[in-house]
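Peer 1:
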Ligand SMILES: Cc1cc2nc3c(=O)[nH]c(=O)nc-3n(C[C@H](O)[C@H](O)[C@H](O)COP(=O)(O)O)c2cc1C
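Residue numbers (the working numbering): 3 to 187.
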């Protein structure tokens, strides 16, 4: 797929299954490392969760959900536990924010977000399904601790990757002129 086609048509795939080849995965990882990065801080790192790691992440999610709401039902805990099983591979995308005299926190987080977007596009261009998710589990201290993520770091998303399950959705084509306007003073 050529670059513009990927950029103009990328969609997320919530239903993921199967496996992703190592070659496709490496191409996705390499795309992250070309994110724009003020000061070349490389303000990102990624945890790869697969196989039984997904069950361990599910256990963490269930514990965290219980801590957030001690009155939750077993069904709610199970729902949290099963979330990481929605895809064969999950990347925990972490912004490594540091104090910097020129590059503020927001720019470091944006750089990490750009890395995630690069990965969404690299996945799509290779026919691999992907979905960027957050929810409460991206902002939960117990989850961060369990994943050994420092307090200065931020989970900016879980990138779910897998083979696309089912038919891809159609998305409306937005009108460029609604969002872009010339300003000439
Ligand atoms: C930072 C961020 C967090 C998101 N978190 C979720 C989420 O937790 N659950 C969800 O269904 N979609 C979430 N989304 C939206 C989806 O990833 C996706 O972009 C959206 O469903 C629109 O689909 P599209 O990418 O095909 O246009 C998030 C998007 C971003 C940028």
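Virtual Cβ for every residue (Gly too), placed ideally from N, Cα, C. Everything numeric in this text was worked out from a predicted model, so none of it was measured.
1) Could you pull the DSSP bridge partners for residue 97 from this structure?
2) Measuring only the C-alpha atoms, how far is residue 144 from residue 45?
3) Between residue 40 and the rest of its own chain, which residues show a CB-CB distance below 6 Å, the 5 nearest in sequence each way excluded?
4) So residue 131 is in the beta strand (DSSP E); what residue range does that whole segment cover?
5) With a 10 Å radius around its C-beta and 16 neighbouring C-beta atoms as the bar for buried, classify residue 158 as buried or exposed.
6) Put residue 126 into one of helix, strand or coil per three-state DSSP.
7) Answer with buried or exposed for residue 50, where buried requires no fewer than 16 other C-beta atoms within 10 angstroms of its C-beta.
8) According to DSSP, which residues form a beta bridge with residue 165?
Peer 2: A quick look at the data gives this:
1) 46, 156
2) 22 Å
3) 105, 109
4) 131-135
5) buried
6) helix
7) exposed
8) 19
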